[in-house]
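Sequence positions in the sequence shown follow mature numbering (1 follows the signal peptide of the UniProt record, and there is no 0) and run -17 to -1, 1 to 459.
Cβ atoms here follow ideal geometry from the backbone N, Cα and C, with glycine treated the same way.
Given the structure is predicted, the values throughout are model-derived calculations rather than measurements.
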Amino acid sequence: MWFPVYVCYFLVTVAAAGDFFSNGEPTVFRKCCPRQHSLVKVVTDHYKHFDCLDRLSLAQTYNISYSPLIISDERFVTVDYGLPILCDGINMIVSAVDLEAKLSTSLNICYDRLVAEVSNGTLMPYIPQTIGLTCINNETETKSESALQINHVRKCCKKGQVFSARYHVCVDSGDNDEQWIVDRLNLTDSYVYEVDIGLQCKSDEYAVELRQRDYTFSVDKNVLIATNRNDRSKTDSLMKGEWCMDQGYDMEDMVAKICTRNCATFNAFCVRKCCPEGYHYKVRRCNSLVSSCVPNVDEQNYFQPMYYLEPLRNDHFGLTDIMGIRTNLECPDGKFVLNRSDPRDNHRLTAEGLLESSISLTSDYCIEMFDRRHCPENDVISSTVLCFIAAEKIKDFRVAFVINSISSVCLALTLIVYCALPELRNLHGQTLICHVSMMLLAYSCLARVQYSPVFDKLTCKLLGNLYPQLLYKLVK
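Below is the structure:
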């Protein structure tokens, strides 16, 4: 009686396994280096080869730190480690791996992250990337592809650090690494991820900080999908290079930083920070706010402009729950700092993120922490930096005045000569006398207004109207 049941169970199991191995099969991934190791290309005058080094060895040998490839567990991906067999560095072709390309399962190729290139003992400038190493000894081997792809994710902070949404900076916190990010995304399929550190938004973009308490996060290959918990219709997709994720400080929630030009899309309150992330201003000269950007050394240096944010939080509930930070302020004509202790420099932030002061209402400003602990004030304050407004350029007409005056003198001499000599006062001479007289009057008016401003309104109108009318008559 149980035999038919066993047969059915066996057939269902076989069918499920067949479906798993045909669609979600534990794909073979050919990795050049052992787990947690990355590739280093070493070139000398006589040969080249590839070394496999772990993160600690990279830091000790070359003073660099890059994360290795992160691979899903053995239920989904079977990893074969090692370079192509019987193939030295000379017979290997290096090719960049497109993030959308299908990976080969051939024994003649392996994949890994090339993080450094060393030439004759010198570390060369190099941008890490995932590459394929192909041996050219056996070009007749049949090429086979898997459904596996190299995907990309960015961790906001380096290993051992998490992101503090309160201070908007990375802070030390144990042994947090890239694997934590991938694990928290609950990826259950086969995957291979390369991980980069940090987020570089464009100069006109803000880095908006989204918390897991406000948004749900999911990743589809290289795309981050962020959905507002209070309004599920508000879903945004961020492409590769536009986002990073990390663990939040003092909490298990995740924090995502995304690059955007429109803070209103995420209901974010956005401000501009003067120094790069992790830096603050240190006063160079006491009794002034002339400063330079220096790295943070303790929590007092962290970006916390409460002087500006507290009034907004009291007047507008929830306004600053989601913050966006943009760094640097380009001022072609120089910068100056508003002195909070001077009533003439009274200023505040508006709910729209603009700076309102006695001289302007502008978005061209930045806020920073000023460390004065080495000065008599012995404190750290936040203040605002504005751009100098370029002085209006006033045209200098002195050269034109001199030239027009010389022309007027020549015209006057010509007029005197024609009026003094009777033989020149024929019909042609009288016509020329009229023409020269009008030109002399016109040039005299022009020279006067170029000499200095005419403050009398009647004289100014007379000179301004007389000059074009005389020119019109001369041309006519």
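request  = Please look up how many angstroms separate the CB atoms of residue 36 and residue 23, rounded, as I've assumed it's under 8 angstroms.
outcome  = That pair is a contact at about 6 angstroms.
task = Taking only the alpha-carbon atoms, compute the straight-line gap between residue 205 and residue 77 and give it to the nearest angstrom.
result = Rounded to the nearest whole angstrom, the C-alpha separation of residue 205 and residue 77 is 24 angstroms.
Among 40, 66, 81, the one whose alpha carbon lies nearest that of residue 32 = With distances taken between Cα atoms, residue 32 lies closest to 66.
query = If you count every other CB in all the chains shown that lies within 10 Å of the CB of residue 334, and 16 or more means buried, which is it?
reply = Residue 334 comes out exposed.
query = Going by Cα to Cα distance, which pick from 199, 383, 313 is closest to residue 219?
reply = The candidate whose alpha carbon is nearest that of residue 219 is 199.
ask   = Since residue 222 sits in a beta bridge, which residues does DSSP pair it with?
value = The partner list for residue 222 (beta bridge, DSSP) is empty, contrary to what the question assumes.
query = What is the DSSP secondary structure of residue 381, counted as helix, strand or coil?
reply = Residue 381: helix per DSSP, three-state reduction.
ask   = Can you tell me the Cα-Cα spacing of residue 202 and residue 275, whole angstroms?
value = Approximately 40 angstroms, taken between the alpha carbons.
request  = Give a yes or no on contact between the stretch 311 to 322 and the stretch 371 to 386, applying the rule of three or more CB pairs nearer than 8 angstroms.
outcome  = Three or more beta-carbon pairs separated by less than 8 angstroms link the stretch 311 to 322 to the stretch 371 to 386, which places the two stretches in contact.
query = What is the DSSP secondary structure of residue 517, reduced to helix, strand or coil?
reply = It is not possible to answer for residue 517, since the shown part of the chain is limited to -17 through 459.
ask   = Can you find at least 3 beta carbon pairs, one from the stretch 263 to 282 and one from the stretch 325 to 341, that sit closer than 8 angstroms?
value = No, because fewer than three Cβ pairs between the stretch 263 to 282 and the stretch 325 to 341 fall closer than 8 angstroms, the two stretches do not touch.
Min CB distance residue 374 to chain C below 8 angstroms = The question asks about chain C, but that chain is absent: this structure has only one protein chain.
query = When we look at the beta-carbon of residue 237 and count the other beta-carbons within 10 Å, is it buried (16 or more) or exposed?
reply = Using a 10 angstroms sphere on the CB of residue 237, the tally of other CB atoms reaches 16 or more, which defines it as buried.
request  = Using 10 angstroms around the beta-carbon of residue 53, count the other beta-carbons present and answer buried if the total reaches 16, otherwise exposed.
outcome  = Sixteen is the threshold: when 16 or more other Cβ atoms of the shown chains lie within 10 Å of the Cβ of residue 53, as they do, the residue is buried.
query = beta strand (DSSP E) containing residue 133: first to last residue?
reply = Unbroken beta strand (DSSP E) run through residue 133: 133 to 138.
Candidates 417, 103, 181, 384: closest to residue 398 by CA position = When only C-alpha atoms are compared, the closest one is 417.
query = Taking 7 angstroms as the cut-off, does the CB of residue 105 come closer than this to any heavy atom belonging to the ligand ADP?
reply = Absence of the ligand ADP from the depicted structure is noted, as is the absence of any ligand whatsoever, leaving it without description.
task = Kindly indicate the opening and closing residues of the alpha helix (DSSP H) around residue 411.
result = For residue 411, the uninterrupted alpha helix (DSSP H) segment begins and ends at 410 to 434.
request  = Only counting runs of 3 or more residues, tell me where the beta strand (DSSP E) segments fall wholly within the stretch 12 to 98, in order along the chain.
outcome  = Counting whole runs of 3 or more residues, the stretch 12 to 98 contains the beta strand (DSSP E) stretches 20 to 26, 31 to 37, 60 to 64, 75 to 79.
query = If we ignore side chains and look at the alpha-carbon of each, how far apart do residue 277 and residue 264 end up?
reply = Rounded to the nearest angstrom, the two C-alpha atoms are 6 angstroms apart.
message = Using C-beta distances below 6 angstroms, list every residue in its chain close to residue 151, excluding the 5 sequence neighbours before and after it, in chain order.
response = Same-chain partners within the cutoff: 286, 308.
ask   = Can you tell which of 340, 130, 400 has its C-alpha closest to the C-alpha of residue 87?
value = For residue 87, the nearest C-alpha among the options comes from 130.
key: Of the listed residues 34, 90, 83, nearest to residue 12 (C-alpha basis)   = Out of 34, 90, 83, 90 has the C-alpha closest to the C-alpha of residue 12.
ask   = Nearest to residue 173 by alpha carbon, out of 38, 142, 56?
value = Ranking the options by Cα distance to residue 173, first place goes to 56.
request  = Per DSSP, which residues does residue 211 bridge with? Please list them.
outcome  = Answer is 198, bridged to residue 211.
query = What are the uninterrupted segments assigned as alpha helix (DSSP H) that are 4 or more residues long and contained completely in the stretch 143 to 185, given in chain order?
reply = Within the stretch 143 to 185, the complete alpha helix (DSSP H) runs of at least 4 residues are 161 to 167.
key: Rounded straight-line distance, which links the Cα of residue 162 to that of residue 42   = Using only the alpha carbons, I get a separation of about 19 angstroms.
query = Could you give the residue range of the beta strand (DSSP E) that holds residue 255?
reply = Here the beta strand (DSSP E) through residue 255 covers 252 to 256.
message = For the structure I just gave you, are there three or more beta carbon pairs, one from the stretch 286 to 296 and one from the stretch 381 to 391, closer than 8 angstroms?
response = No, because fewer than three Cβ pairs between the stretch 286 to 296 and the stretch 381 to 391 fall closer than 8 angstroms, the two stretches do not touch.
ask   = Based on Cα-Cα distance, which residue from 345, 342, 270 lies nearest to residue 362?
value = That would be 270, whose Cα lies nearest to the Cα of residue 362.
query = Is it buried or exposed for residue 400, if we count other Cβ within 10 angstroms and need 16 for buried?
reply = Its Cβ having fewer than 16 others within 10 Å, residue 400 is exposed.
request  = Write down every uninterrupted run of the beta strand (DSSP E) in the stretch 341 to 366 whose length is 3 residues or greater and which is fully enclosed by it, in chain order.
outcome  = Runs of the beta strand (DSSP E) lying entirely within the stretch 341 to 366 and spanning at least 3 residues, in chain order: 348 to 354.
ask   = Start and end of the beta strand (DSSP E) containing residue 264?
value = Counting along the chain, the beta strand (DSSP E) containing residue 264 begins and ends at 262 to 266.
request  = Verify whether the separation of the beta carbon atoms of residue 350 and residue 340 is less than 8 angstroms.
outcome  = With a cutoff of 8 angstroms on beta-carbon distance, residue 350 and residue 340 are scored as not near each other.
message = For the alpha helix (DSSP H) containing residue 116, name the first residue and the last one.
response = From DSSP, residue 116 is part of no alpha helix (DSSP H) but of the beta strand (DSSP E) over 112 to 118.
ask   = Apart from the five residues on each side of it in sequence, which residues of its chain come closer than 6 angstroms, Cβ to Cβ, to residue 186?
value = Counting only Cβ-Cβ distances below 6 angstroms, and skipping sequence neighbours, we find nothing.
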